[in-house]
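Working notes, structure below.
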Amino acid sequence: GGGAMPLEEIRTRLLCVSPRQLSAPYIVNLLRSSDPPIIARLEKDQVLLDVRTIQEKELKIVAKAIKNICNKTG
1 GGGAMPLEEI RTRLLCVSPR QLSAPYIVNL LRSSDPPIIA RLEKDQVLLD VRTIQEKELK
61 IVAKAIKNIC NKTG
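Going by our numbering, the first residue of the sequence shown is number 1, and it counts up by one from there.
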């Protein structure tokens, strides 16, 4: 939803996470199940993280969660 301004576009950058051996919905579930939960969006079978919503102090936490997911692929 766009809230009060549904036609307004907010510029951002996205990080796409896509280990080849894991499905996008599975990756989203793993991120949401991590501690702390990381909310990503699923779009066209891609996992997208909006870096505008990640604070600098959270970057290491997000990177560690992504690394753990990538390590699950063997």
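The C-beta atom is built at its ideal place from N, Cα and C for all residues, glycine as well.
Distance CB(residue i)-CB(residue j) smaller than 9 Å
i   : j   : result
C16 : Q46 : yes
L14 : L22 : no
I38 : L49 : yes
R24 : S18 : The amino acid at residue 24 is misidentified as Arg; the sequence shows Ala. Closer than 9 Å, so yes.
P36 : I10 : no
Paired residues, beta bridge with residue i - DSSP
i   : result
E43 : Q46
C70 : Bridge partners of C70: none, in fact.
V17 : V47
Where residue i falls, given that 16 or more other Cβ within 10 Å makes a residue buried
i   : result
A65 : buried
A40 : buried
V51 : exposed
V27 : Reading off the sequence shown, one finds Ile at residue 27, where the question assumed Val. Buried: at least 16 other Cβ atoms inside 10 Å.
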